[in-house]
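Under numbering that gives the first Met the number 0, the sequence shown is numbered contiguously, ending at residue 219.
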Amino acid sequence: MALKWFGGKKKDSDDAESSDAAGAAGTTEPAASEESTKKRGLFGALKRGLSKTSQLVKKAIQLVSGKLDEDALEEIEASLIQADFGPRVALELTDALRHAYKDKEFKQEELVPFLKERLTTMLGERQDIRWAESGTTVILVTGVNGTGKTTSIAKLANRFQSDGAKVLVAAGDTFRAAAVEQLAIWSDRLGIAMVQGRENADPASVVFDAIDRAQSEGFD
Numbered sequence: 000m001a002l003k004w005f006g007g008k009k010k011d012s013d014d015a016e017s018s019d020a021a022g023a024a025g026t027t028e029p030a031a032s033e034e035s036t037k038k039r040g041l042f043g044a045l046k047r048g049l050s051k052t053s054q055l056v057k058k059a060i061q062l063v064s065g066k067l068d069e070d071a072l073e074e075i076e077a078s079l080i081q082a083d084f085g086p087r088v089a090l091e092l093t094d095a096l097r098h099a100y101k102d103k104e105f106k107q108e109e110l111v112p113f114l115k116e117r118l119t120t121m122l123g124e125r126q127d128i129r130w131a132e133s134g135t136t137v138i139l140v141t142g143v144n145g146t147g148k149t150t151s152i153a154k155l156a157n158r159f160q161s162d163g164a165k166v167l168v169a170a171g172d173t174f175r176a177a178a179v180e181q182l183a184i185w186s187d188r189l190g191i192a193m194v195q196g197r198e199n200a201d202p203a204s205v206v207f208d209a210i211d212r213a214q215s216e217g218f219d
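This is the structure in structure tokens:
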């Protein structure tokens, strides 16, 4: 699956204010209120998702008492997978727990900070997006189904639009109607332009059309 996302360089405050003023000039108050409601819905959904993840992990840890044996480790690993950490990350975190705590006395309140620290280490150092020196910056998002690509695209697009960028998204997964529909829903909620092709169309043609539009219409 390939989803194309076009984001922009972070503009200075003057540019952002000009962009906001231009948008406000052509937007009625009810429309602005509707957009605000959509954004609250977006962040509400993200907050609920993160809360669910946290609850699943804490629930698994609360089941552990005394020493951390293999049964407890398997329970924690299953909970991490259920919380959408993914099998590889869940296994690495569980192995770290096994190495540090297996068959040792521990306090439950130690485990969550330990997992947070390990996860931060696994993520590595922060890597900034490499923006084009001039013109349109293109970001390609790929991955297997069900790993959160569409939501991540929405979060990125919303962030850079908030910074004053003119953003365009494109759905390159033309063989999965649901994927295109999901991106269209987020695009509509955030008020962001979107390019999509016919069902089963060549994904490269959608990407080409999106880049052509982005460049001709001055998307960042």
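Glycine is no exception: its CB is placed at the ideal position from the N, C-alpha and C atoms.
Can you say whether residue i is buried or exposed, counting buried as having 16 or more other CB atoms within 10 angstroms of its CB?
i	result
E116	exposed
E76	buried
F218	buried
Q181	buried
D127	exposed
A169	buried
Q195	buried
V179	buried
I184	exposed
N157	buried
F159	buried
V143	exposed
D201	exposed
On the premise that residue j lies in contact with residue i, defined as a C-beta separation below 8 Å, what is that separation, rounded to the nearest angstrom?
i	j	result
D102	D68	7 Å
E104	K66	6 Å
A99	F84	Actually they do not touch by this definition, with Cβ atoms about 18 Å apart.
V205	G171	5 Å
Going by DSSP, name the residue or residues bridged to residue i.
i	result
M193	V168
E104	K66
I need the boundaries of the alpha helix (DSSP H) containing residue i, first residue and last residue.
i	result
L77	One detail in the question is off: residue 77 reads as Ala in this sequence, not Leu. E69 to Q81 is the extent of the alpha helix (DSSP H) around A77.
K115	Q107 to L122
N157	K148 to S161
D201	Careful: D201 lies outside any alpha helix (DSSP H) and carries neither H nor E.
Is residue i near the ligand GDP, with its Cβ less than 7 Å from a heavy atom?
i	result
A200	Within the structure as shown, the ligand GDP is missing, as the structure has no ligands at all.
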